[in-house]
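Worksheet: the structure to be examined is printed underneath.
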Amino acid sequence: MQDLLFYFFAVLTLIFGFLVVVNPFTRSPVTSAMFLVLSIISMSGLFVMLHAFFLAAIQILVYSGAVIVLFLFVIMLMDLKEEARSTFQGIRLTFSLLLAGLFATVLIGVVLTSGLGAEPVVLTLEGSTAVLGERLFNAYIIPFEILSVLLLVGMVGVVLLSKKNLN
Amino acid sequence: MDWVYYLTPSQEFLVFSIVKVALVVGLLLPMIAYSVMAERRISAWIQGRVGPNRVGPFGLLQPIADGIKSLLKEDFVPDHVRKCYFWLAPALTLIPSFLVLAVVPFGSYLGPEREAWSKMVIADLNIGILFTFGIVSLSVYGIVLAGYASNSKYSFLGGIRATAQMISYEISMGLAVIPLFMLTGVLNLGEVIAYQVEHGWLIWKQPISFILFLVAAFAETNRLPFDLPESETELVSGYHTEYSSMKFALFFLGEYAAMIAVSAMMVTLFFGGWTLPIFGLDQPAITFFGGLLHIMIFLGKVLVFMVLFIWIRWMLPRFRYDQLMDLGWTRFLPLAFVNIIVTAAWLWAQYR
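Here you go:
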């Protein structure tokens, strides 16, 4: 049952993720955004399978509840016409492949060195929200704070850029 | 009830979950129908009118007449809409409110048994409150997609307004309840009620949280004074301008279902859920009727909030959109942060 559900959610995540990019039904970016929502909800199903309920809830709350709603907001405000079918040619194709290859290398490297699959990880991920918070603010305080500062920088940057008059 | 003891744990879970879901939905649907009726009667009373009083005794059958009317009307789909989203949107507005109620404890125990099946909550999640916020945050999609699918200017503006408004007030709402969980130390709604039994209702400890949550609840459910997404004077009727018949009725029901869900959350978080601090009603029930009484208390508290929602709608004028955004971002957000910091400082001083 557990395995079955894992494959169910994993396949759904991948299919919806694929549909975000390909979007064969319409060329409307809104549809892509909606597929992204479905993909994220399936992914939070995977977190539930790992008993990481907090992460599952946060995944839905932050990504499908806020981030993608903002995507939709921007898409609608910019009043995009049906996007023309983009063609992959020349320099664009080169850079796309380069970036995708780079990302894939990093991802595969991480998966190979992390020792996943050597033992079942299901039980080690189980824990209450309190444990997660303690971990975050003790062992991983530096990365956590760096990330916060990074987000703050992003926010300040956006506020600065959205001011009409840069002078 | 002997057959209960011969079930395997998973069968037991399945059977009683289905029973509880049926119970909650069975209670919720009439509640929604009669809230619409209450809205019409109370608004009439406030405005010195009579209100609907012709169908049945005191007009009590009015919801049935309304239901039949919306089902039998022509379901007109304009030619210019985006069909898929147009059909999806009404369902997406109704579903989240139902899902929220899955984690709200609506009673203690039915009878003396202290098993999972006799506990009056559908899903006793450890992250109950996060689950509710996650689901509530999804409720914006119905409105946004309705506005987008309708493919008309007024609907579209309504959808855009709804997006901005709900995102803004969701933040205040989320930050408003953080002090509660700093005090209680748990995210499980059942344990929040247990804390309130021991230490008194949280409204007395966190009145600012409650006010923030209440106002954010009005904005989240798109009720006056914050019903900018459907403000009639500017946007015809906003995101559901193009809808007719039962699809329109679903938006209508969705609004009341959301009100009930938010009321249930407020009752649980701030007003002790199914408990009353008199006659020993704050202890889990040991008889069947005691359990029923707890459910009644919970429903009674929810009804008080429903009346408050309706009352405020007919007493206050609508905000302007910039005032709404101003209130959310420059008043509520800082106030919520101050509230968190003060609570943290108080806790620190207490346990130092």
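Sequences listed follow chains A and B, in order.
Per the numbering used here, the first sequence runs over residues 239 to 405.
Per the numbering used here, the second sequence runs over residues 18 to 369.
The beta carbon of each residue, even a glycine, is placed where N, CA and C say it ideally should be.
Which chain A residues are close to residue i, counting only those with a beta carbon under 8 Å from its beta carbon?
| i | result |
| --- | --- |
| Asn239 of chain B | None at all; the shortest Cβ gap to chain A is about 15 Å. |
Please tell me whether residue i and residue j are closer than 8 Å, where the distance is taken between their beta carbons.
| i | j | result |
| --- | --- | --- |
| Ala234 of chain B | Val194 of chain B | no |
| Lys264 of chain B | Asp83 of chain B | no |
| Phe311 of chain A | Ala181 of chain B | yes |
| Thr238 of chain B | Met276 of chain B | yes |
| Val203 of chain B | Ile152 of chain B | no |
| Leu352 of chain B | Pro242 of chain B | no |
| Thr110 of chain B | Ser167 of chain B | no |
| Phe230 of chain B | Met190 of chain B | yes |
| Tyr171 of chain B | Val253 of chain B | yes |
| Leu206 of chain B | Gln223 of chain B | no |
| Val121 of chain B | Val138 of chain B | yes |
| Ser125 of chain B | Ser156 of chain B | no |
| Thr285 of chain B | Val209 of chain B | yes |
| Leu291 of chain A | Leu142 of chain B | Per the sequence presented here, residue 291 of chain A reads as Phe, with Leu not at that position. The answer is yes: Cβ separation under 8 Å. |
| Ile278 of chain A | Ser302 of chain A | yes |
| Arg330 of chain B | Ser248 of chain B | no |
| Ile296 of chain A | Leu147 of chain B | yes |
| Pro262 of chain A | Ile313 of chain A | no |
| Leu288 of chain A | Thr251 of chain A | no |
| Tyr186 of chain B | Gly345 of chain B | yes |
Chain A partners of residue i, CB-CB under 9 Å?
| i | result |
| --- | --- |
| Gly73 of chain B | Result: empty, since nearest Cβ-Cβ is about 42 Å, beyond 9 Å. |
| Ala181 of chain B | Phe311 |
| Gly345 of chain B | In chain order: nothing, as chain A lies at least about 14 Å away. |
| Leu142 of chain B | Phe291, Ala295 |
| Leu286 of chain B | Residues of chain A passing the Cβ test: none, with the nearest at roughly 16 Å. |
| Leu350 of chain B | Those do not exist, as Leu350 of chain B stays about 13 Å from chain A at its closest Cβ, beyond 9 Å. |
Could you check where the alpha helix (DSSP H) with residue i kicks off and where it finishes?
| i | result |
| --- | --- |
| Asp339 of chain B | 338 to 343 |
| Tyr165 of chain B | 157 to 167 |
| Lys372 of chain B | Chain B is shown only over 18 to 369; residue 372 of chain B falls outside these bounds and no answer can be derived. |
| Lys86 of chain B | 79 to 89 |
| Ser280 of chain B | 262 to 287 |
| Ser270 of chain A | 267 to 287 |
| Tyr171 of chain B | 170 to 201 |
| Ala295 of chain A | 291 to 296 |
| Trp331 of chain B | 305 to 332 |
| Gly392 of chain A | 379 to 400 |
| Asp241 of chain A | 240 to 260 |
| Gln213 of chain B | 206 to 216 |
| Lys100 of chain B | 100 to 117 |
| Lys136 of chain B | Lys136 of chain B -> no alpha helix (DSSP H), and no H or E assigned at all. |
| Leu310 of chain A | 306 to 316 |
| Tyr368 of chain B | 350 to 368 |
| Trp291 of chain B | Element bounds for Trp291 of chain B: n/a, residue is neither H nor E. |
| Ile144 of chain B | Per DSSP, Ile144 of chain B belongs to no alpha helix (DSSP H) and is neither H nor E. |
Which same chain residues, not among the five before or five after residue i, have their C-beta less than 7 Å away from its C-beta?
| i | result |
| --- | --- |
| Val286 of chain A | Ala294 |
| Ile306 of chain A | Ala271, Leu274, Val275 |
| Asn70 of chain B | Gly76 |
| Arg178 of chain B | Leu245, Pro246, Tyr338 |
| Thr362 of chain A | Low confidence applies to Thr362 of chain A: its pLDDT is 49, below 50, so where it sits in the model is not reliable enough to give any reading. |
| Tyr273 of chain B | Ile49, Ser52, Val53 |
| Tyr14 of chain B | An answer regarding residue 14 of chain B cannot be provided, because it is not within the stretch 18 to 369 covered by chain B. |
| Lys401 of chain A | none |
| Thr269 of chain A | Asn261, Phe263 |
| Pro80 of chain B | Ala50, Tyr51, Val53, Met54 |
| Lys136 of chain B | Tyr126 |
Taking C-beta pairs closer than 9 Å, name the residues in chain B that residue i reaches, listed in chain order.
| i | result |
| --- | --- |
| Met393 of chain A | The contacting residues do not exist; Met393 of chain A stays about 13 Å from chain B at best. |
| Met314 of chain A | Val161, Gly164, Tyr165, Phe173, Gly176, Ile177, Thr180 |
Could you list which residues in chain A have their beta carbon closer than 7 Å to that of residue i, in chain order?
| i | result |
| --- | --- |
| Ser154 of chain B | Leu299, Gly303, Ala304 |
| Phe150 of chain B | Leu299 |
| Val157 of chain B | Val307 |
| Leu270 of chain B | Under the 7 Å cutoff, chain A gives no residues; its nearest Cβ is about 22 Å from Leu270 of chain B. |
Going along chain B, which residues have a C-beta under 8 Å from residue i?
| i | result |
| --- | --- |
| Leu436 of chain A | Residue coverage of chain A in this structure runs from 239 to 405, which leaves residue 436 of chain A outside it and unanswerable. |
Can you pull the chain E neighbours of residue i, defined as C-beta to C-beta under 9 Å?
| i | result |
| --- | --- |
| Leu308 of chain A | The structure shown contains no chain E; its protein chains are A and B. |
Near residue i, what residues of its chain come up, given a Cβ to Cβ distance below 6 Å and the 5 sequence neighbours on each side ignored?
| i | result |
| --- | --- |
| Phe103 of chain B | Ala166 |
| Gly271 of chain B | Thr110, Leu111 |
| Thr25 of chain B | none |
Excluding the five sequence neighbours on either side, which residues of its own chain have a C-beta within less than 8 Å of the C-beta of residue i, listed in chain order?
| i | result |
| --- | --- |
| Ser87 of chain B | Ser262, Met263, Phe265, Ala266 |
Check the Cβ of residue i against every Cβ in chain B and list those closer than 7 Å, keeping chain order.
| i | result |
| --- | --- |
| Thr367 of chain A | Ile144, Leu204 |
| query | What residues in the segment 217 to 251 of chain B have a beta carbon less than 7 Å from any beta carbon of chain A? | reply | Using a CB distance below 7 Å, no part of the segment 217 to 251 of chain B faces chain A.
| request: Taking a Cβ distance cut-off of 9 Å, strictly less, list which residues of the segment 254 to 288 of chain A are near chain B, in chain order. | output: Contacts with chain B (Cβ-Cβ distance below 9 Å) from the segment 254 to 288 of chain A involve Phe263, Thr264, Ser266, Val268, Thr269, Met272, Val275, Ile279, Ser282, listed in chain order.
| request: Using a Cβ-Cβ cut-off of less than 9 Å, give me the residues of the segment 300 to 320 of chain B that come near chain A, in sequence order. | output: For the segment 300 to 320 of chain B, which is checked against every Cβ of chain A, not one residue is closer than 9 Å.
| query | Mind listing which residues of the segment 110 to 121 of chain B have their C-beta closer than 7 Å to chain A's C-betas, in chain order? | reply | Of all residues in the segment 110 to 121 of chain B, none has a Cβ within less than 7 Å of some Cβ in chain A.
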